[in-house]
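Each residue of the sequence shown is one higher than the one before, counting from 0 in numbering that gives the first Met the number 0.
Data first, discussion second: the structure below is written as structure tokens.
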Amino acid sequence: MLLVQAPDGVGEVTSGTDLAALLTPLLATLTWPDGSTGLAEGDIIVIASKVVAKSEGRLVAGKDREAAITAETVRVVATREYPDGSTLRIVENRQGLVMAAAGVDASNVLPGTVLLLPEDPDASARRIRRGLNARLGLRPGVLITDTVGRPWRRGIADISIGAAGIDVLEDLRGQKDMQGRDLRASVIAVADEIAGAADLVRGKAKGRPFAVVRGLGHLVTHEDGDGAAVAIRPPEEDMFRTGS
């Protein structure tokens with residue numbers, strides 16, 4: 000059974016906020032259908048990148064969002080100009096992620112500022128996991144997520160951009176399907192699927208920036224692992240590297 004909860008009461012996060020300390024009392028308020036409370040081994044904590052970035056001081060002065068996007072861009076993949084004169088840029092950013100506007104966010108921040116993504120989301124996830132372990136004696140999986148558009152699909156969805164203690168890819172190659180045929184290309188992006196499930200409960204405008212997922216303990220590892228960066232397709236495998 001897969002269970003997802005997103006507690007209220009996180010409050011405003013600012014530079015220097017210790018997210019592990021902030022989350023610890025909120026985790027204690029969780030009540031599960033079997034009568035248990037709090038966090039358990041095998042649980043996964045899914046945190047929106049925005050609050051992680053705010054806690055790490057990634058809010059910067061930037062009256063011109065476009066200049067901030069340029070500064071965070073490593074490679075331009077595609078651009079589209081709109082009738083109002085604005086331009087959408089799909090770029091590869093410093094974290095190696097391909098996304099609109101390099102992940103630079105100007106929503107829900109003070110006028111004259113923009114929010115950059117965490118500098119190293121995998122390191123952020125590991126740090127939060129260590130903090131929770133120190134306070135709770137548990138080693139939950141931790142995912143940091145952000146919203147992206149998807150080629151050939153309308154709408155946006157959350158993906159994992161940082162991970163600790165999670166096998167972000169489940170490789171089924173070499174196993175057999177129900178008809179006995181060998182699976183040759185089935186590598187499941189489980190961290191992204193968890194990110195999407197958590198976002199359904201967190202919501203985009205509900206003030207609930209983190210969720211706890213229970214029921215996927217087989218994906219949680221004692222070691223922090225390689226992080227979400229392993230899900231980024233390398234250039235030699237990228238059939239869609241050049242946009243329009």
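Note that the Cβ used here is the ideal one computed from N, Cα and C, for glycine as well.
Since the structure is predicted, the reported quantities are computational estimates derived from the model, not experimental observations.
**Report entry** Unbroken stretches of the beta strand (DSSP E), 3 residues or longer, contained in the region 23-73
**Finding:** 43-47 and 58-60
Query raised in the report: What is the DSSP secondary structure of residue 123, reduced to helix, strand or coil?
Result: helix
Report task. In angstroms with no decimal places, state the Cα-to-Cα distance between residue 200 and residue 9. Result -> 15 Å
Query raised in the report: At which residues does the beta strand (DSSP E) containing residue 3 begin and terminate?
Result: 2-4
Query - residue 231, DSSP secondary structure in three states - result: Here residue 231 sits in coil by DSSP.
**Report entry** Contacts around residue 37, its chain only, beta-carbon distance under 7 Å, and the 5 residues preceding and following it disregarded
**Finding:** 26, 27 and 29
Query raised in the report: Does the Cβ-Cβ distance between residue 73 and residue 88 come in under 9 Å?
Result: Cβ atoms of residue 73 and residue 88: not closer than 9 Å.
Query raised in the report: Can the beta-carbon of residue 155 be found closer than 9 Å to that of residue 194?
Result: Contact: no.
Query raised in the report: Which of the three DSSP states, helix, strand or coil, is assigned to residue 105?
Result: coil
Query raised in the report: DSSP state of residue 215, grouped into three classes?
Result: Residue state, collapsed to three classes: coil.
Query raised in the report: Rounded C-beta distance between residue 58 and residue 127? I'm assuming under 8 Å.
Result: Going by Cβ atoms, the distance from residue 58 to residue 127 rounds to 18 Å, so no, they are not a contact pair.
Query - Reduced DSSP secondary structure (H/G/I, E/B, other) of residue 191 - result: It is helical.
Query raised in the report: Exposed or buried, which one is residue 142 when buried takes at least 16 other CB atoms within 10 Å?
Result: buried
**Report entry** Length of the line joining the Cα atoms of residue 220 and residue 138
**Finding:** Rounded to the nearest angstrom, the gap between the Cα atoms of residue 220 and residue 138 is 8 Å.
**Report entry** For residue 165 and residue 196, believed in contact at Cβ under 8 Å, the rounded distance
**Finding:** Residue 196 to residue 165, Cβ: 13 Å. No contact.
Requested in this report: For residue 92, write down the residues that DSSP places opposite it in a beta bridge.
Outcome: 72
Query - Three-state secondary structure (DSSP) of residue 80 - result: strand
Query raised in the report: What did DSSP end up calling residue 207 once you bin it into helix, strand or coil?
Result: coil
**Report entry** Residue closest to residue 22, alpha-carbon to alpha-carbon, out of 50, 61, 33 and 3
**Finding:** 50
Query raised in the report: Can you check whether the CB of residue 213 is closer than 9 Å to the CB of residue 3?
Result: The answer is yes: Cβ separation under 9 Å.
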